[in-house]
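Report on the structure given below.
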Amino acid sequence: KQEVTQIPAALSVPEGENLVLNCSFTDSAIYNLQWFRQDPGKGLTSLLLIQSSQREQTSGRLNASLDKSSGRSTLYIAASQPGDSATYLCAVGGTSYGKLTFGQGTILTVHP
Amino acid sequence: GAVVSQHPSWVICKSGTSVKIECRSLDFQATTMFWYRQFPKQSLMLMATSNEGSKATYEQGVEKDKFLINHASLTLSTLTVTSAHPEDSSFYICSAKHTGQGTRQPQHFGDGTRLSIL
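Read top to bottom, the protein sequences are chains A and B.
The numbering of the first sequence is my numbering, which starts it at 3 and goes up by one.
The numbering of the second sequence is my numbering, which starts it at 941 and goes up by one.
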């Protein structure tokens, strides 16, 4: 059974800092890995999708890496802003039809 | 971009009531939709996979008679919580995947439904 762990559980940083969120998974037989953002009381917004054959994906100030063999992914956020404050979820796609297993999330607070 | 609409966004009702939640893909077809449940300060737990034109596949421990899923068209899946009780209070979120896109496209999520049973 796939298990996904995210570290740290919570992170508070001053505006402008670069930061790294970590995600690890126990079964390396994955199809893809997806990073999401969730604002309080809201649904999920997809940030980045990395296929199992890829090493990284970038979108703006976000960069996600994937090391499938070691079961790890990182989400790098450059020059953090207060608007980045949210819960960040990592999800592993373990089947071709799209079933996702989620981590517990990292609650990020960026203070001015 | 792909949009998934979930309705209603918030429901408060009495114990014993049945509640229906709709999940629609607005600008794409979705053969497969997923229903998740999220408790406060916890992550999403998959409840079931909804397949257009066939029976849903439920995760272990999820009561299929309690949580009825219908996926009658390529753009609509519904989750009905039957005879809801306070322990069913939770945040329910659906997601949809483009038909035929395999794993190369991200899943798109609705904004969730907060269900409160009194």
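C-beta: ideal position from N, C-alpha, C; glycine also.
Cβ of residue i within 8 Å of any chain B Cβ
i              : result
residue 78(A)  : no
residue 61(A)  : no
residue 90(A)  : no
residue 106(A) : yes
residue 45(A)  : yes
residue 48(A)  : yes
residue 53(A)  : yes
residue 36(A)  : yes
residue 100(A) : yes
Under 8 Å between C-beta atoms of residue i and residue j
i               : j               : result
residue 978(B)  : residue 984(B)  : yes
residue 115(A)  : residue 26(A)   : This structure cannot settle anything about residue 115(A), because the visible part of chain A is limited to 3 through 114.
residue 994(B)  : residue 975(B)  : no
residue 982(B)  : residue 106(A)  : yes
residue 80(A)   : residue 34(A)   : no
residue 100(A)  : residue 1000(B) : no
residue 88(A)   : residue 29(A)   : no
residue 1055(B) : residue 943(B)  : no
residue 1099(B) : residue 46(A)   : Chain B is shown from 941 up to 1058; residue 1099(B) falls before or after that span and cannot be answered.
Cβ of residue i within 8 Å of any chain A Cβ
i               : result
residue 1052(B) : yes
residue 1048(B) : yes
residue 1033(B) : yes
residue 1017(B) : no
residue 883(B)  : This structure cannot settle anything about residue 883(B), because the visible part of chain B is limited to 941 through 1058.
residue 1044(B) : yes
residue 984(B)  : yes
residue 989(B)  : yes
residue 972(B)  : yes
residue 1037(B) : yes
Range covered by the beta strand (DSSP E) that runs through residue i
i               : result
residue 90(A)   : 88-95
residue 39(A)   : 34-40
residue 58(A)   : 58-61
residue 1038(B) : Premise fails: residue 1038(B) is in no beta strand (DSSP E) and is neither H nor E.
residue 66(A)   : 64-69
residue 968(B)  : Where residue 968(B) is concerned, there is no enclosing beta strand (DSSP E), given that its DSSP letter is neither H nor E.
residue 1007(B) : 1007-1013
residue 74(A)   : 74-79
residue 49(A)   : 46-53
residue 946(B)  : 944-947
For residue i, the three-state DSSP class (helix, strand or coil)
i               : result
residue 999(B)  : coil
residue 1026(B) : helix
residue 16(A)   : strand
Residue i - partner residues in DSSP beta bridges
i               : result
residue 985(B)  : 977(B)
residue 106(A)  : DSSP output for residue 106(A) lists no bridge partner at all.
residue 1021(B) : 959(B), 1007(B)
residue 1032(B) : 977(B), 1053(B)
residue 112(A)  : 15(A)
residue 26(A)   : 7(A), 74(A)
residue 1016(B) : 964(B), 1013(B)
residue 21(A)   : 79(A)
residue 990(B)  : 973(B)
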